[in-house]
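Worksheet: the structure to be examined is printed underneath.
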Amino acid sequence: MRTPISYFLIVSAMLFAIGTVGVLVRKNALIIFMSVELQLNAVNLALVSFSRMHGNLDGQVLAFFSMVVAAAEVVVGLAIIVNVYRRRQSASVDDVSVLRG
Amino acid sequence: MPLDNVVFWVFAPVSVGSAIAMLFQRNAVHAALFLIVNFFTISVFYLVLGASFLFAVQIIVYAGAIMVLFLFVIMLLGVDREETLVERLKGHRVLAITLGAGVALELFFAIRAGVGFATKAPPSFDEAVNSGGNVVALSRVLFRDYFFPFEVTSVLLIVAAVAVMVLASRPRRVFTRAGSETTSEDTTSEETT
Amino acid sequence: MIDQAWLIPTLPLAGAAVNLFLGRRLGKWAGWLSTILVAAGFGLGVLVLADLLSLPGEERVHAVRLFEWIGSGGFALDATVRVDPLSMTMTLVVTGVGALIHWYAVGYMEHDPRYGRFFAYFNLFVFFMLMLVLADNYLVLYLGWEGVGLCSYLLIGFWYERPAAASAAKKAFVTTRIGDAAMMLGVVLIWVHAGSLDFDAVLGEGAGGLSQGVATAISLLLLAGAVGKSAQVPLHVWLPDAMEGPTPVSALIHAATMVTAGVYLVVRSHVLFEASEVALAVVLVIGLVSAIYAALASIGQWDIKRALAYSTMSQIGFMFFAVGMRFYAGAMLLLVCHAFYKALLFLTSGNVLHGLDDETDLRRMGGLRGQMPISATLFAIGALSLAGIPPLAGFFAKDHIVSVASQSGRDLAWVLASVGAFLSALYIARPLFLAFFGAGRNPGRAHEAPWRMNAPLALLASGAVAAGGVLGLSAEGGRLERFLEPVGGVLEPGHGGLPEATLIAVSVMLAVLAVAVAWWIWASGRVDWEAFPQRQPELAGWLASAFYVNALYSWLVQVPGKGFGRALTAVDDRVIDGAVNEVAEDVGRASRLAPLIQSGFVRSYALAFLLGAAALLLFLGLRF
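Residue numbers (the numbering used here), protein chains in the order written: chain A, 10 to 110; chain B, 794 to 986; chain C, -15 to 608.
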C-alpha cells in the first residue's frame, strides 16, 4: 500500500472534529447521538491505521471491542432518549434544562 | 496510479463530505442516511488497511444494526419533526465551530509530530500479520491475548440488554375500587392511564 | 507599742470585712463596731505616740517591717509601717476625727437601708487612708492613694439610684485619675533615678544625686497627683459635685482626710521638691490661686454643702501656700485645725439637713438659731475658727502662715494671702448668717438633732477651739513645729517684712471686718442680697458657676471628643462596615454570577468539556 498512513489519520481527525461540532451545535438528541457515533468511528479508523503502521493486530482488536461497546451504548442511549421523549414530548436537548441553577 | 491510492482519493472526500452533510441536515432521517454512507466509506478504508474482518463487521453491526435501530427510534419519535435553526445560546455556534477547527488543527500537528506526513505503511502486513487470513489471525489474538476482555464484553452486552428492558418498560398504575394503588410492570407500549 | 503600730490600720480593715459580709445581720451594731474600731485605732495611736515621744528627737523615725510584698527579679519591696512624727500626726487626725465622724454617722445614717454597707465602706476608707500615711515607701503610699480614691467613689455614689450622685462619683474618679496617672509616672521616675522606692533611701541621700530636671519632673508629677486628690486648681472640679454623697462622707473624706492627702504627700516628699528650683514655686502659686479662686466661688454658692466644699478647697490652698514657702509645720498645723473645724461645719450642716428634711439651699433657710440653738452654736464656733478669730484654733494656723509670707520677704504673696484670709472669713460667715440668723425663709419647723449626734460635734468643737493654741503657739516655737522637726526641718524665721505684732493685728482686723461685713450683708436685713442675682446676673453667674470652669472643661473635652467620635464612627461605618459589606456584596455578586454557568443546557456543558479537552491537548502537544 502506497498511501501514507498519515492520510488516514488526517481523515480520522477531520471526522472527529466534524463529530464534535455536531455534538455541540445540533439540538436534536438523535442527531447528537449520531455525531457521537461518528466520533467513535473516527477513532476506530485511527486505531486500525496504527495497527497497520505498527504491524500487529492489537489496534484491530481494540477497534473491535470499541464497536461492541458502541453497540451496547447505542442501545441504552436510545432507550433513554425514548424515555425522555415520553416525558416531555420533545426530542430537543434544550428542553431538558431542569438542572438549571 | 496504484489502486489503493485511487480508492483512498475517491472515498476520502465522500467520507468527509457525507459527515459534513449529515451535520447540515434538518431532517433526522436524511442525517441518518448520510451517516450510513459515511460508515460504508469507513469500512472500505478498513479493507484497504488490511482489516477485512472489520470491514464486514462494520457494515453488519454499524450500518446494519445500529443505524437501523436509530432509524426505528426516529420513526417512533416522528419523522417529520424538524428542529429550529435558531441558536438560543449566544455565541455558542461560533465558539463550537472555532473549537472544532482548533481541535482538528491540534490533531494535525500531533500527527505531523508523531507519525510524520510521509510515512508509508510497511508492505509486509498481509504475509506477516494476517497469516492464514485476517479472521484467523484476529481470532488468534483475540482468544488468546485478549480473552478476558472478550468475556467482559459479553457480560456487557447482557447488561445492556437487561438495562434496555428495564428502561423501556413503563410502570402501569392500577386503581382498585378500594382506592389503593398497585403498579404492575408492563412491557407493552400502551398509554398510561 | 511602736512595733504594734500595724494594728492601727488593720482594725478598720477587719471592720470593713465584717460589715461587708455580716452587715445585714449586725444591723445597728455595724455602725458601733466601725466606730469602736476606729476609736481603738486612735487609742493605739496615742500609745504609739507616747512611745515615740519617749525617744529623743533624732531617733523618732521607725520602720516596722511587716512582710515582703513584691519580690520580682531585681525589684524587691516590703510592706513596712513608718512611725515618725509626720505619719503619727496624720494618723491621729485620721483616727481621732474619723472616730468622731463615725459616731455621728451612726445617728445620721440610722434609717438608711444600706447601713451596714455604708460602714463597711467607711471603715475601708479609714484603712486605706491609714495605709497611705503610714507607708514607708512610695508604692504602699500609692496603694493607699488609689484605695481612698476607690472608697471616695463608692461613698460619693452611695445613693447610686440618684443619677446626680452616680455621675458625681464618676467625675471624682476620673478627675483624680488624671492626677494619679501623673503621680504614677513620678513614682516610676523615682524608681528609675533613685533605684529604690523607700522613703529613707529616696528622701535621704538619694535626693542629693538627682539632677535639676529630674527632680523637677518628679516633683511636678507628684504634685499633679496631689492637685487632683486635694482638689486644687485645675483638677478641682470634682469636689463640689462630690457633695452629692451623704454628709458624713463629705466631712470625713472631703474635708478632714482624703483631700489633705495631697498636702501630706508634698510635705513627705519635700526633699525632692527642694531639690528642684521651680517645684516649690509652682506649689505656692497653685495654693494661692486655689485659695482665692475657691473663696470667690464659695461666696456665689447657694447650696450650703457646696459653699463648704469650695471653702475646703480654699483652705487647702492655704496649706499648699505654706508648703510652697517651706513652712511645712505651718501647713500641718492648718491641716490639723482644719480637720476639726471643717468636720464640725459639715456635720452641723448635716444637722440642718436632717432637721429640714434634706434642704440644702441657703435661700430657704434662715433664723434657725431659734429652732436649733445647739447646732447654731456649734456652727458658729467652727465658722469663727475658720475665719481666724483669736483665740480659736484657726487663728493660730492661718495667721502664722500669712505672717511667714511677709517675714520671708514675699510681699506680694503676703498681700494676696491676706486678701484670701479676708475672703475666707467672709465666705464662712455667710452661711452662718444666712442659715441661722435673719428672717426665717423656710415654712417648715426644724428640729434640733438628738444628743447622740451632737455629742461628737461637741468634741470636735473643743478641738476647733483649742487645737491651735495647744499645738501652735508660736512664742515657744510651737509644739507641733518642734514635733515635726525631724521630718520637716525648722523654718528659719525670716527677718524681713513687718513686725510680728503688726502682722497679727492686721490679720485679726481683717477677720473681724470680714465677719462684720458678712453680718451687714446677710443678716442685718439692710442689704437686699436676694435680688443680687437679678441685678447683677453676669457677676452672679460667674460666682455661682465658679467661673464657668466646668463649662470650659466640658467644652474642651466635648469638642475634640465629639469630633474624634464622629471620625471614628465614619471610619467604622465606611471602612470597617464598608469592607465587611463590600465582601458580602461581592459574595452576593459572585453567587449571582455563578449560576449563570449552570444554564441547564447540555450543549453548554459539552462546550465546556471541549474547551477543557482542547486545552489539555494543547498542553500535551506542547510538552511533547
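Beta carbons are placed, not taken as given, at the ideal position from N, Cα and C, and that holds for glycine.
Restricting attention to C:VAL211, C:ALA528, C:GLY229 and C:PRO440, the CA atom closest to the CA of C:ALA148 is found in C:GLY229. A distance of 9 Å or more separates the beta carbons of C:LEU370 and C:LEU464. Contact annotation: in the segment 53 to 73 of chain A, residues whose CB is within less than 8 Å of a CB in chain B are ASN53, LEU54, VAL57, SER58, SER60, ARG61, MET62, GLY64, ASN65, LEU66, ASP67, GLN69, VAL70, ALA72 and PHE73.
B:PHE901 and C:ALA568 have their C-alpha atoms some 49 Å from each other.
A contact between stretches requires three or more CB pairs, one per stretch, nearer than 8 Å, and the segment 63 to 78 of chain C fails this requirement with the segment 951 to 965 of chain B. For B:THR912 against A:PRO13, the beta-carbon gap comes to about 6 Å, under 8 Å, which counts as contact. DSSP links C:ASN121 through a beta bridge to C:ASP182. C:SER588 has no beta-bridge partner at all, per DSSP. Judged by pairs of C-beta atoms under 8 Å, the segment 133 to 143 of chain C does not touch the segment 168 to 186 of chain C, as fewer than three such pairs exist.
In this structure, C:GLU261 and C:MET356 do not form a Cβ contact; the two beta carbons are roughly 52 Å apart against a cut-off of 8 Å.
Spanning the alpha carbons of C:PHE548 and C:PHE304 requires a straight line of approximately 37 Å.
Secondary structure of B:VAL837 (DSSP, three-state): helix.
Its Cα nearest to that of C:LEU280, the residue C:ALA405 stands out among C:ARG394, C:PHE420, C:TRP175 and C:ALA405.
Put simply, the backbone Cα of C:ASP561 is about 21 Å away from that of C:SER575. The three-state reading of DSSP puts A:PRO13 in strand, counting E and B together.
With contact defined as three or more Cβ pairs closer than 8 Å, the segment 24 to 42 of chain A and the segment 60 to 73 of chain A are not in contact.
Put simply, the CB of C:PHE585 is near chain A, with a gap under 9 Å to one of its CB atoms.
Interface flag for B:GLU944 against chain A is unset, since no Cβ pair is found closer than 9 Å. Under the three-pair Cβ rule at 8 Å, the segment 399 to 417 of chain C counts as touching the segment 350 to 368 of chain C. Within chain B, no residue has its beta carbon less than 9 Å from that of A:SER75; the closest one is some 10 Å off. In this structure C:GLU484 is not in contact with C:SER402, their Cβ atoms being roughly 15 Å apart against a cut-off of 8 Å. At a cut-off of 9 Å between beta-carbon atoms, B:PHE902 makes contact with chain C. Take C:LEU468, set aside five residues on each side of it, and the residues of its chain with a beta-carbon closer than 8 Å to its own are PRO69, LEU70, THR73, TYR312, ALA313 and MET316, in chain order.
Rounded to the nearest angstrom, the Cβ distance from A:LEU49 to A:LEU24 is 10 Å, too far for a contact under 8 Å. For C:GLY284, the closest alpha carbon among the candidates C:GLY525, C:ARG550, C:LEU594 and C:VAL559 is that of C:GLY525. Any Cβ of chain B closer than 9 Å to the Cβ of C:ALA598 would place that residue at the interface, and such an atom is present.
B:ARG819 has a beta carbon lying at 9 Å or more from every beta carbon in chain C. Between C:GLY372 and C:SER491, the C-beta spacing is below 9 Å. Secondary structure at C:GLU145: coil, using DSSP grouped into helix, strand and coil. In the DSSP annotation of this structure, the continuous segment of the alpha helix (DSSP H) that includes C:GLY314 starts and ends at 312 to 339. For B:ASP919 and B:LEU842, the gap between their C-alpha atoms comes out near 10 Å. C:ARG466 and C:GLY354 have their C-alpha atoms spaced approximately 44 Å apart.
By a beta-carbon distance limit of 8 Å, C:THR160 contacts C:TRP222. Their separation comes to about 7 Å. Within the segment 852 to 935 of chain B, the complete alpha helix (DSSP H) segments at least 4 residues long are 860 to 870, 885 to 907 and 918 to 921, listed from N- to C-terminus. The three-state secondary structure of C:ILE373, taken from DSSP, is coil. Close to chain A, meaning a Cβ-Cβ distance shorter than 8 Å, are the following residues of the segment 821 to 855 of chain B: ALA821, ALA824, ALA825, LEU828, ASN831, PHE832, ILE835, PHE838, TYR839, VAL841, LEU842, GLY843, ALA844, PHE846, LEU847, VAL850, GLN851, VAL854 and TYR855.
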